[in-house]
Amino acid sequence: MSSQTLRAPADAAVPSLPGAAPPAKVATARAGFAMAIATFAMAGASAVQAVLYLSRFGVDGRTDGFFVAFALYTTFGVFGQSIRLTAVPLLVGRTPRLTAREFALALVVVAVPVIVLTCGLAGPLARILAPGLSAGDRAVTSSALPVLGCAMALQLWASGGATLLAVRSRFSAIAAAYVAGAGSGLVAFLALMGFAGELTLGWSMLTMAVVTCGSMLVAVQRSGGLPAGDHALRAARVLRMTGRLLGRTVIYLAVNALFIVTLAFASHSTTGDTTVLSYAYLFCSYLVAGTGMALGMSRIADMSRASGEERRATIVATVPAGFRYALLIVAPALALLIVGGAPLVHAVLPGSLDADGVRSLQIFTLLLVPWTAAALLVSLLMPAMLALDRAVLLNALAAPLVVLHVVATLVGNALFGVEGSVGAMWVAPTCFAAIMVVCLAGSQSGRVLRETAGGSLRFLGLAAAAYGAAAAITAAVPSTAAAAAASVLGTFLYLGGALLVARSQLGLLAGALRPRPT
Numbered sequence: 000m001s002s003q004t005l006r007a008p009a010d011a012a013v014p015s016l017p018g019a020a021p022p023a024k025v026a027t028a029r030a031g032f033a034m035a036i037a038t039f040a041m042a043g044a045s046a047v048q049a050v051l052y053l054s055r056f057g058v059d060g061r062t063d064g065f066f067v068a069f070a071l072y073t074t075f076g077v078f079g080q081s082i083r084l085t086a087v088p089l090l091v092g093r094t095p096r097l098t099a100r101e102f103a104l105a106l107v108v109v110a111v112p113v114i115v116l117t118c119g120l121a122g123p124l125a126r127i128l129a130p131g132l133s134a135g136d137r138a139v140t141s142s143a144l145p146v147l148g149c150a151m152a153l154q155l156w157a158s159g160g161a162t163l164l165a166v167r168s169r170f171s172a173i174a175a176a177y178v179a180g181a182g183s184g185l186v187a188f189l190a191l192m193g194f195a196g197e198l199t200l201g202w203s204m205l206t207m208a209v210v211t212c213g214s215m216l217v218a219v220q221r222s223g224g225l226p227a228g229d230h231a232l233r234a235a236r237v238l239r240m241t242g243r244l245l246g247r248t249v250i251y252l253a254v255n256a257l258f259i260v261t262l263a264f265a266s267h268s269t270t271g272d273t274t275v276l277s278y279a280y281l282f283c284s285y286l287v288a289g290t291g292m293a294l295g296m297s298r299i300a301d302m303s304r305a306s307g308e309e310r311r312a313t314i315v316a317t318v319p320a321g322f323r324y325a326l327l328i329v330a331p332a333l334a335l336l337i338v339g340g341a342p343l344v345h346a347v348l349p350g351s352l353d354a355d356g357v358r359s360l361q362i363f364t365l366l367l368v369p370w371t372a373a374a375l376l377v378s379l380l381m382p383a384m385l386a387l388d389r390a391v392l393l394n395a396l397a398a399p400l401v402v403l404h405v406v407a408t409l410v411g412n413a414l415f416g417v418e419g420s421v422g423a424m425w426v427a428p429t430c431f432a433a434i435m436v437v438c439l440a441g442s443q444s445g446r447v448l449r450e451t452a453g454g455s456l457r458f459l460g461l462a463a464a465a466y467g468a469a470a471a472i473t474a475a476v477p478s479t480a481a482a483a484a485a486s487v488l489g490t491f492l493y494l495g496g497a498l499l500v501a502r503s504q505l506g507l508l509a510g511a512l513r514p515r516p517t
């Protein structure tokens with residue numbers, strides 16, 4: 000997405016207006032926006048459900064029990080989405096190493112142990128995930144796991160369909176399927192909220208998975224179906240291809256399992272902290288998925304098709320620029336939740352979060368800011384590593400990554416309790432990102448690290464200054480009005496500052512939002 004991004008030869012024949020973004024860059028941005036719109040549609044539906052869930056059930060031990068299971072669902076969900084990145088290099092090229100039908104069968108094989116663990120072994124799994132909860136609260140975890148396990152399998156298959164559609168450049172179909180799923184999940188939540196108890200959100204996720212998966216499979220069939228290719232469909236080959244697919248995805252599972260480790264420590268803290276921490280993490284992770292991962296998904300096919308030094312040059316030019324575009328959106332969203340979002344939830348729905356809950360949500364979100372920046376960079380770098388066929392190195396880093404996170408969490412928890420555990424989440428992904436930058440950029444790694452660090456300081460600092468000033472200016476206003484006024488004023492201040500320090504990024508985003516010319 001920078002000036003050095005490779006463009007298709009056809010772009011040279013397309014006249015562009017003076018000062019307009021190059022057509023290839025606008026097309027890339029549009030593809031990224033399609034992915035982002037789909038993700039943020041799910042995030043918006045989830046946000047509405049989260050507020051309604053809080054207002055209905057509050058924050059207690061039973062909600063803690065549900066959100067332990069929900070953390071597993073979200074972790075596996077991001078793992079499933081990562082298949083859209085890791086499988087693309089296997090599916091593209093003149094002689095793809097994996098056919099569409101083999102890919103589909105491999106995903107069926109992957110779903111089998113998921114169903115066995117969440118449905119057949121829900122009780123033992125709940126004891127592992129929530130060691131600090133009481134038996135009654137952990138029973139909610141056991142009840143939620145089978146529902147969410149079925150949703151996991153369906154979302155995995157939906158991700159497989161999205162992968163095939165992305166290879167075929169059908170990004171609008173992907174976005175439509177996810178938007179339809181998000182809407183149906185919200186409808187199910189509203190319909191079930193009166194009698195499904197704390198599992199309402201689980202049944203909503205299952206409904207969303209059914210609709211998303213069904214819509215995605217219909218779109219795949221319309222775009223060419225599942226051709227078998229030249230290989231005979233033998234069980235041994237399917238299992239071997241499944242192993243190859245998982246071998247490229249282990250690192251994504253490790254990265255997203257880090258939160259489960261943190262949540263296990265949080266389960267020993269004050270009742271309700273697990274629920275509040277889950278809300279803060281879900282908010283931050285949706286921001287990462289809707290920006291960094293969306294950009295990575297929209298670019299990996301092009302990066303994989305490039306060759307030799309062109310591929311490395313494209314990656315080095317794309318990653319820092321993508322990081323800046325992601326932070327341009329993420330930084331104000333984080334500040335908005337801290338300054339205005341949490342107090343407004345308490346003011347509008349006083350039964351959902353008490354004053355301590357608001358303070359905990361603000362603190363957890365603030366502590367997750369460094370993790371969010373590191374996770375954004377990781378989500379952009381891992382597709383680039385896969386495009387350079389560095390999957391073996393990535394997987395070799397999975398175990399050290401988890402070990403480093405466990406050590407950092409133990410130290411943080413020993414020093415500062417649950418806040419220390421959450422605050423330590425940035426350590427492992429930051430080290431991981433630095434290693435990937437060195438592997439990808441080589442002699443230019445110093446420049447890339449400086450650019451990404453500068454982008455972090457620029458946009459996070461701008462957001463902190465804008466919303467901090469807004470909070471100070473509106474401090475004398477009554478609490479409810481102060482939160483709303485600080486949110487609005489902070490947004491205007493941030494946009495004004497962005498026009499000064501990020502005019503080019505705003506220009507490209509505006510170009511991507513313009514109607515496509517006929």
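Residue numbering for the sequence shown follows numbering that gives the first Met the number 0, beginning at 0 and increasing consecutively.
Glycine included, every Cβ here is placed at the ideal spot set by N, Cα and C.
Keep in mind the model is a prediction, meaning the values are calculated, not measured.
For this session: Using 10 angstroms around the beta-carbon of G491, count the other beta-carbons present and answer buried if the total reaches 16, otherwise exposed.
Result: With the sequence shown as reference, residue 491 is identified as Phe, and Gly is not the correct amino acid for it. Exposed.
Problem set entry | Same chain, Cβ closer than 7 Å to N255, five either side skipped, listed in chain order | Non-local C-beta neighbours of N255 in its own chain, meaning closer than 7 Å and more than five positions away in sequence, comprise T74, V77 and F78, ordered along the chain.
For this session: List the endpoints of the continuous alpha helix (DSSP H) containing E197.
Result: Per DSSP, E197 belongs to no alpha helix (DSSP H) and is neither H nor E.
Exercise. In chain order, what residues of the same chain lie with their CB nearer than 8 Å to the CB of T162, ignoring the 5 residues before and after it?
Worked result: I82, R83, A86, V87, L90 and F102
Problem set entry | Delimiting residues of the alpha helix (DSSP H) encompassing G122 | A121 to L128
Exercise. Below 8 Å between beta carbons: does that hold for L200 and Q48?
Worked result: yes
Exercise. Could you check where the alpha helix (DSSP H) with R243 kicks off and where it finishes?
Worked result: A234 to G246
Problem set entry | Cβ contact (3+ pairs, closer than 8 Å) linking the region 265 to 283 and the region 123 to 139 | yes
For this session: Quick one: residues in its chain with C-beta nearer than 6 Å to the C-beta of A334, no 5 flanking neighbours on either side, listed in chain order?
Result: Short of 6 Å from the beta carbon of A334, and not among the five residues preceding or following it, lie these beta carbons of its own chain, in chain order: A462 and Y466.
Problem set entry | Reduced DSSP secondary structure (H/G/I, E/B, other) of L132 | L132 falls in the coil class under three-state DSSP.
Problem set entry | Environment of T211 [buried if 16+ CB atoms lie within 10 Å] | So T211 ends up on the buried side.
Exercise. Checking contacts by CB at 8 Å: is V318 closer than that to chain B?
Worked result: Within the model displayed, chain B is absent; a lone protein chain is all it includes.
Exercise. Going by the CB atoms, is the gap between S183 and T206 shorter than 8 Å?
Worked result: yes
For this session: Please name the residue in G180, S133 and S142 whose C-alpha comes closest to that of Q154.
Result: G180
Exercise. Alpha helix (DSSP H) containing D355: first to last residue?
Worked result: That run of the alpha helix (DSSP H) goes A354 to L366.
Exercise. When the Cα atoms are used, what is the spatial distance from L375 to V287?
Worked result: 6 Å
Exercise. In chain order, what residues of the same chain have a beta carbon less than 6 Å from the beta carbon of V249, not counting five sequence neighbours either side?
Worked result: N394 and A397
Exercise. How would you label F194, buried or exposed, when you count the other beta carbons within 10 angstroms and need 16 or more for buried?
Worked result: exposed
For this session: Please go through the same chain and pick out, in chain order, the residues whose beta-carbon is closer than 8 Å to the beta-carbon of A218, but skip the five residues on each side of it.
Result: G160, L164, R169, A172, I173, A175 and A176
For this session: Assuming V338 and A474 form a contact by the criterion Cβ under 8 Å, report the distance between their Cβ atoms to the nearest whole angstrom.
Result: That pair is no contact at about 11 Å.
Exercise. Skipping 5 residues on each side, what residues in its chain have a beta carbon closer than 7 Å to that of A482?
Worked result: G339, P342, L343 and A346
Exercise. Under the three-state reduction of DSSP, which class applies to G419: helix, strand or coil?
Worked result: helix
Exercise. Going by the beta-carbon positions, is the gap between V260 and T408 smaller than 8 Å?
Worked result: Closer than 8 Å, so yes.
Exercise. What is the DSSP secondary structure of H267, counted as helix, strand or coil?
Worked result: coil
Problem set entry | Inside the region 444 to 493 only - beta strand (DSSP E) runs reaching at least 3 residues | none
Problem set entry | Segments assigned alpha helix (DSSP H), at least 4 residues, entirely inside the region 152 to 228 | 170 to 191 and 199 to 221
For this session: Give the single residue among S158, L262 and A234 whose Cα lies nearest to the Cα of S214.
Result: Ranking S158, L262 and A234 by Cα distance to S214 puts S158 first.
Problem set entry | Helix, strand or coil at A372 according to DSSP, with G and I counted as helix | In the displayed model, A372 falls within a helix according to three-state DSSP.
Exercise. Are the beta-carbon atoms belonging to A110 and L144 less than 8 Å from one another?
Worked result: A110 places its beta carbon 8 Å or farther from that of L144.
For this session: My understanding is that C438 touches L403, with C-beta atoms under 8 Å, so please give their C-beta distance in whole angstroms.
Result: That belief does not hold up - the Cβ atoms of C438 and L403 are roughly 17 Å apart, past 8 Å.
For this session: Have a look at F415 and A423 and give me their C-alpha separation to the nearest angstrom.
Result: 10 Å
For this session: Give the secondary structure of R96 by DSSP, where H, G and I count as helix, E and B as strand, and everything else as coil.
Result: coil
For this session: State the CB to CB distance for the pair V108 and G148, rounded to an integer number of angstroms; the pair is presumed to be in contact (CB under 8 Å).
Result: With 8 Å as the limit, V108 and G148 do not qualify as a contact, their Cβ atoms being about 16 Å apart.
Exercise. Which stretch, first to last residue, makes up the alpha helix (DSSP H) that contains V437?
Worked result: V426 to A440
Exercise. When we look at the beta-carbon of L499 and count the other beta-carbons within 10 Å, is it buried (16 or more) or exposed?
Worked result: exposed
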